[in-house]
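In the numbering used here, each residue's number is its place in the sequence shown (first place is 1) plus 42.
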Amino acid sequence: MKAIRIVGAALALALAGCGFGINTEIHVVDKPIPAAVQPAGVYQIEAFINQAITTKGWKADKIRPGELRATQEWDNKAAVVTIFYSQQRYSIRLHSSLNLDERDGRIDNQYNIRVRALESEIDRRMKPAT
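Right, here's the structure in full:
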């Protein structure tokens with residue numbers, strides 16, 4: 043009986059470490075555009091964001107200048123984010139989700155993992171060449 047409890051606890055920790063089934067606060071991105079990139083203009087910033095979206099497996103639609111809607115689907119789940127951007131800032135905010143247990147400002151951690159990966163890719167593409 044004790045062995046079963048130990049195995050169960052170890053399994054729970056392993057799954058928690060992978061981010062499966064854990065609800066965490068919804069990750070919201072709101073960051074400045076690097077000063078060295080700002081002179082490139084809003085169209086180049088949009089191009090950097092679109093490249094990151096494609097690289098990370100999201101699909102995007104342009105809603106209006108300065109606003110994209112990106113979707114990523116996996117298993118039986120989906121996340122839809124709105125990306126606002128200008129020459130000064132960009133943000134990523136949850137628009138809607140499917141089967142991600144979204145409630146009370148919390149969501150399945152798989153959403154946050156994917157949004158953080160998208161954020162990192164956008165930042166990488168906007169990092170000035172040195």
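The beta-carbon is built from N, C-alpha and C at its ideal position, and this holds for glycine as well. Please read these numbers as outputs of a predicted model, since none were measured by experiment.
Taking the alpha carbon of residue i as the reference point, which residue from the options has its own alpha carbon closest?
i	options	result
residue 100	91, 142, 84 and 165	91
residue 169	64, 68 and 82	82
residue 129	117, 79 and 67	79
residue 116	107, 142 and 125	142
residue 108	153, 102, 122 and 126	126
Around the Cβ of residue i, are there at least 16 other Cβ atoms within 10 angstroms (buried) or fewer (exposed)?
i	result
residue 88	buried
residue 95	buried
residue 105	exposed
residue 85	exposed
residue 112	buried
Apart from the five residues on each side of it in sequence, which residues of its chain come closer than 6 Å, Cβ to Cβ, to residue i?
i	result
residue 120	140
residue 165	none
residue 103	111
residue 153	121 and 142
Report all residues from its chain with a CB closer than 8 Å to the CB of residue i; omit the five preceding and five following residues, and keep chain order.
i	result
residue 98	114, 156, 159, 160 and 163
residue 148	65, 66, 67 and 68
residue 76	168, 169 and 170
residue 131	72, 73, 74 and 75
Check the Cβ-Cβ distances between residue i and every residue of chain C, and say whether any is below 8 Å.
i	result
residue 125	The question asks about chain C, but that chain is absent: this structure has only one protein chain.
Excluding sequence positions up to five away, which residues of its chain have a Cβ less than 7 Å from the Cβ of residue i?
i	result
residue 118	141
residue 123	112, 134, 135, 136, 137 and 157
Would you check if the segment 133-149 and the segment 68-78 touch, i.e. whether three or more CB-CB distances between them fall below 8 Å?
Touching, yes, given that three or more Cβ pairs across the two stretches are closer than 8 Å.
Enumerated in chain order, which unbroken segments of the beta strand (DSSP E) with a length of 3 residues or greater are wholly contained in the segment 73-106?
Fully contained in the segment 73-106 are the following beta strand (DSSP E) runs of length 3 or more, in chain order: 101-106.
Hey, which unbroken runs of the beta strand (DSSP E) at 3 residues or more fall wholly within the segment 110-147?
Taken in chain order, the whole beta strand (DSSP E) runs of length 3 or more contained in the segment 110-147 are 119-127 and 131-140.
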